[in-house]
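Asker: Got a structure for you, questions after.
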Amino acid sequence: MTKTMTPETDDNPDTEDDKRGSDFVVAVARGLSILECFTSPAAVKQQGRMTLTDAAKLTGLSRGTARRLLLTLKEINYVDFDGKFFWLTPKLVNLSRGFLMPRGLGDGSAAILHKLTEELDESASVGILEGAEIIYIDRMEIRRIYSSRIVNGTRLPAAYTSIGRVLLAALADEELNRWLSAHPLKQLTPKSITERDTFWQEISRIRSQGYAINDEELEIGIRSIAVPILGANQRITTALNASTVTARHSVDDLKNTFLPALQRAAEKLSQTMGW
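Spelled out as C-alpha cells, the structure:
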C-alpha cells in the first residue's frame with residue numbers, strides 16, 4: 001500500500017522515509033523524476049517545456065517541492081526558466097555521452113553506419129530495449145525531402161519494430177513471458193500482430209533465422225529489417241536496423257540486399273564497440 005506523505009514530508013525533498021532502504025536518497029530520486037517529466041506527452045506538446053504545475057502533477061509532488069527541485073536544477077544549469085516555463089539545457093548531453101562511451105559508440109560506429117546508409121541508400125539505426133520500448137542510441141539518416149524525424153533518443157514500441165523483435169527474441173522464454181504480460185500487444189495498424197501465440201511464433205522464427213522484418217506493423221508504408229549486435233559473452237543487448245518505404249523496396253529486397261549488408265555492419269560494430 002502506497003504511503004501517503006504529509007505536507008511536511010512532501011515539502012522536504014531531503015526526507016528519507018522511503019521503504020527502499022537507508023541508502024536510498026529521496027531527494028535524488030525526486031530530482032531525476034522531475035527531469036524525466038520533460039519527455040512526457042505534456043512537455044512534448046509544449047515543445048519540451050513545462051510549467052511548475054505540470055511538473056507537480058506529473059511527479060505527484062507538491063508545488064513547493066517541485067519548485068525547489070526545478071530551481072536547484074536551474075542553479076546548476078540543467079534546466080532554464082523564463083518566468084513561466086522550464087526546459088532542459090544542453091548540459092544533459094554530457095550525461096548521454098557517459099551512457100554511450102561504455103558501449104563504444106562514437107566516431108567508429110558512426111563511420112560504419114555512414115557506410116551502411118551509403119550502400120543501401122536508406123537510414124540505419126542502433127537501438128536498445130527499455131521496458132515496453134526501444135530507444136535509438138545511434139542513427140544515420142539519409143537526406144530526403146521527407147524525413148522520419150527519428151533521432152537519437154527516439155522511443156518506439158518494441159513489439160512492432162524490427163530492432164525490438166530482435167532484442168525480444170534474445171530474451172529467455174521466462175523473461176519474454178513476463179515482458180508480454182507486462183506489455184500487452186496492441187493494434188497499431190491492420191497488419192499488427194495482436195495474438196500472443198502468433199507473436200510467439202514470430203519470435204521463434206526470428207530466433208531460428210537470426211533477423212527480424214517488420215512489414216507495416218508499426219506504420220503503413222514502412223518496412224524495416226534488423227539483426228543483432230553480439231556483445232560480451234555473445235549476449236545480445238543492442239541491434240542494428242535499416243528502414244525503407246514500401247514504394248522503394250519489397251520484403252525480398254530486405255532479405256536479399258539489406259540483410260547481408262546489415263550482417264557485415266553488425267559484425268564490424270561488435271568489434272568497434274569492444275565486444
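Numbering (full-length UniProt numbering) for the sequence shown: 1 to 275. No residue lacks a Cβ here, since even glycine has one placed at the ideal position from N, Cα and C. Quick caveat: nothing in here was measured; it's all calculated off a predicted structure.
Rounding to the nearest angstrom, what Cα-Cα distance links L73 and Q187 in this structure?
Answerer: Position 73 of the sequence shown, counted from the first residue, corresponds to residue 73. Position 187 of the sequence shown, counted from the first residue, corresponds to residue 187. L73 and Q187: Cα-Cα distance of roughly 40 Å.
Asker: Are the CB atoms of S40 and L69 nearer to each other than 8 Å?
Answerer: Position 40 of the sequence shown, counted from the start, is the residue given in the question as residue 40. Position 69 of the sequence shown, counted from the start, is the residue given in the question as residue 69. No; because the gap between Cβ atoms is not below 8 Å, this pair is not in contact.
Asker: Measuring alpha carbon to alpha carbon, tell me which residue in D252, V251, W179, T244 is nearest L120.
Answerer: Locating residue 120 in the sequence shown gives position 120, where the first residue counts as 1. Here the closest residue by C-alpha is T244.
Asker: Could you have a look at G210 and say whether DSSP puts it in helix, strand or coil?
Answerer: Residue mapping note: residue 210 aligns to position 210 of the sequence shown, counting from 1. The answer is coil: DSSP assigns G210 none of H, G, I, E or B.
Asker: DSSP beta-bridge partners for D215?
Answerer: Residue mapping note: residue 215 aligns to position 215 of the sequence shown, counting from 1. Paired residue(s): R223.
Asker: Just verifying my parser: in three-state terms, what is the DSSP assignment at V25?
Answerer: Within the sequence shown, residue 25 is the residue found at index 25, counting from 1. In the structure shown, V25 sits in coil (DSSP, three-state: anything other than H, G, I, E or B).
Asker: Considering only the beta carbon of each residue, do A56 and S62 sit closer than 8 Å?
Answerer: Taking the sequence shown and counting its residues from 1, one reaches residue 56 at position 56. Taking the sequence shown and counting its residues from 1, one reaches residue 62 at position 62. Yes, these two residues count as a Cβ contact at 8 Å.
Asker: Rounding to the nearest angstrom, what Cα-Cα distance links A226 and L269 in this structure?
Answerer: For the purposes of this step, residue 226 is taken as the residue at position 226 of the sequence shown. For the purposes of this step, residue 269 is taken as the residue at position 269 of the sequence shown. The straight-line gap from Cα to Cα measures roughly 14 Å.
Asker: Could I get the ranges of all uninterrupted beta strand (DSSP E) runs contained in the UniProt domain "HTH iclR-type" (25-90), with 3 residues as the minimum, in chain order?
Answerer: Here the runs fully enclosed are 79-81, 86-88.
Asker: Given a threshold of 16 other Cβ atoms within 10 Å of its Cβ, counted over all protein chains shown, does P260 qualify as buried or as exposed?
Answerer: What you label residue 260 is simply residue 260 of the sequence shown in a count that begins at 1. Exposed, because fewer than 16 other Cβ atoms sit within 10 Å of the Cβ of P260.
Asker: Note the first and the last residue of the continuous alpha helix (DSSP H) segment covering S123.
Answerer: By one-based count along the sequence shown, residue 123 stands at place 123. Neither: S123 is in no alpha helix (DSSP H) and is coded neither H nor E.
Asker: Rounded to the nearest angstrom, what separates N152 and T198 at their Cα positions?
Answerer: Stepping through the sequence shown from its first residue, residue 152 is reached at position 152. Stepping through the sequence shown from its first residue, residue 198 is reached at position 198. Taking the straight line joining both Cα atoms gives about 31 Å.
Asker: Does DSSP classify L230 as helix, strand or coil?
Answerer: For this step, residue 230 is matched to residue 230 along the sequence shown. Strand.
Asker: What three-state label does DSSP hand N241 in the structure shown?
Answerer: Start at 1 with the first residue of the sequence shown, and residue 241 comes out as number 241. In this structure, N241 counts as strand in the three-state DSSP scheme.
Asker: Taking 8 Å as the threshold (beta carbon to beta carbon), is I142 in contact with chain B?
Answerer: Absent here is chain B; the protein component of the structure consists of one chain.
Asker: According to DSSP, what are the bridge partners of D138?
Answerer: The residue labelled residue 138 in the question sits at position 138 within the sequence shown. Bridge partners of D138: V126.
Asker: Helix, strand or coil: how does DSSP classify E195 here?
Answerer: For the purposes of this step, residue 195 is taken as the residue at position 195 of the sequence shown. E195 falls in the coil class under three-state DSSP.
Asker: Residues in the same chain with beta-carbon distance under 6 Å from A266, minus the five sequence neighbours each way, listed in chain order, please.
Answerer: In the sequence shown, counting from the first residue as 1, residue 266 sits at position 266. Same-chain partners within the cutoff: V227, I229, L240.
Asker: Figure out for me which residue from E202, G31, C37, A182 has the closest Cα to the Cα of I76.
Answerer: The sequence position of residue 76 within the sequence shown is 76, counting from 1. When each option's Cα is compared against that of I76, the closest is G31.
Asker: In whole angstroms, what is the alpha-carbon distance linking E174 and T117?
Answerer: As a first step, residue 174 is located in the sequence shown; it is residue number 174 there, counting from the start. As a first step, residue 117 is located in the sequence shown; it is residue number 117 there, counting from the start. Their backbone Cα atoms lie some 36 Å apart in a straight line.
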